[in-house]
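Mapping the sequence shown onto full-length UniProt numbering, position 61 (from 1) lands on 61, and the numbers just tick up by one.
Even for Gly, the Cβ is constructed at its ideal location relative to N, Cα and C.
Note that the structure is predicted; figures quoted are calculated from it, not measured.
Read through the structure below, which is laid out as structure tokens, and then see the notes.
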Amino acid sequence: MIRDTAEFHLYAESSVGPARVTVVVDDVDSCHDELRARGADIVEPPADRPYGMRDFNVRTPDGHLLIFSQPLTEYG
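Here it is as structure tokens:
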């Protein structure tokens with residue numbers, strides 16, 4: 001997956017399960033809308049979480065879980 005200046009390469013090791021990666025973005029809702037429009041497998045829609053983040057989950061074709069997340073408030 002390539003986005004702006006970030007590029008991610010995920011692959012499965014034969015001896016371990018799928019990877020789980022969190023990607024912090026500036027606008028989680030627009031990220032969700034774009035990925036959904038591109039046909040991504042959204043397994044959990046955007047929601048505010050009790051741990052102070054708004055996030056959603058995407059499953060990759062290889063079974064990895066990508067969590068796109070945004071802080072509910074600014075740090076500091």
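For P46, which residues of its own chain have a beta-carbon under 8 Å away from its beta-carbon, when the five flanking residues on both sides are left out? V28, D29, H32, R54, D55 and F56
CB of G63 within 8 Å of CB of P18, strictly: yes
Taking Cβ positions, are V21 and V43 nearer each other than 8 Å? no
Grab me the residues of G76's own chain with a C-beta within less than 7 Å of its C-beta, minus the 5 sequence neighbours each way, in chain order. Bear in mind that the predicted position of G76 carries a pLDDT of just 41, short of 50, making it too unreliable to give a figure here.
Kindly list the residues whose CB is nearer than 6 Å to the CB of V24, restricted to its own chain and excluding five residues on each side of it in sequence; keep chain order. S69
I need the DSSP call for V16, collapsed to helix, strand or coil. coil
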